[in-house]
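Note sheet for the following structure.
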Amino acid sequence: MLLYHGSKSGIQGDIKPESRMSCDFGCGFYMGDKPDQPKGLIASYENNKFYEIEYNSDGLKIKTFEDNYVDQIDWALFIAYNRQPEKLAEYDQLCKRYKAYNELYDMIVGVIADDKMTQVMQLFFNGQMCDKAFIEAMRYVKLGRQYVLKTYEAYSKWRFNVIKEYKLTDADKKLIISQNINRTNQLSTMINQIQTKYRRAQDVKFFDEIIEEWNK
């Protein structure tokens, strides 16, 4: 499969898990199936490097969050576990579930949550957005999927074939930053519209209700 990776200063030596533990899917090596999002992450860095990688996932244990209600709530709770562990600290069964995700799978695949989507998730985690509004907002964001390598088996050198490696030009960076600003403005409008739509909706659930239900 063809995947993309953006680095602030270039990959040094062998590919390995160098991200923060507080990233979406915990510590790992992050790639995406579309180029725009990883380019956006590195556009403001002088020594950036962008990579196009042919990756072989044969034989790996892969956890994939699909495009359905249950998997998308599961995805959100997993990100909450990794980014804000205090949110789930008292829920033993959920913590065991997501600890297992981090430890048992070679690769985890799911929708990308950029900074604006993280704001949406924060509304959801804080009980200011219901589940249906959250799912609709997720479906509006089309940044593609992220493929996160978690284990030594996933980092095996034979799995990687770097097809292209290059630095973003000044023109590239200017265009990407402009696109990011426009997209952020569009998302802000969309979030307000969705919040209004579900303000008096019936048969919705909020974060505290969901984690109580899922922890059983």
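For the sequence shown, position 71 matches number 1389 in this note's numbering, and the numbering has no gaps at all.
Virtual Cβ for every residue (Gly too), placed ideally from N, Cα, C.
Keep in mind that this is a model prediction, so the values were computed, not measured.
Beta-carbon proximity check, F1443 vs F1524, cutoff 7 angstroms: no
Buried or exposed (CB count within 10 angstroms, at least 16 for buried), K1468: buried
Selection from K1485, I1397, D1410, V1522 that minimises the alpha carbon distance to I1426: I1397
S1325 - containing beta strand (DSSP E), residue span: 1320-1325
Three-state class that DSSP yields for G1350 in the structure shown: strand
Buried versus exposed, by CB contacts within 10 Å (16 or more), M1447: buried
Reduced DSSP secondary structure (H/G/I, E/B, other) of E1370: strand
Three-state secondary structure (DSSP) of I1333: coil
V1388 - DSSP class collapsed to helix/strand/coil: helix
Meets three-Cβ-pair contact criterion under 8 angstroms: the segment 1510-1520 and the segment 1392-1410: no
For Y1409: DSSP bridge partner residues: Answer by DSSP bridge pairing: none, since Y1409 is not bridged.
Burial state of M1439 (16 or more Cβ within 10 Å): buried
Alpha carbon of N1503 to alpha carbon of S1496, nearest angstrom: 11 angstroms
Distance between beta carbons of I1371 and K1326, contact taken as under 8 angstroms: Contact flag wrong, Cβ pair sits at about 17 angstroms.
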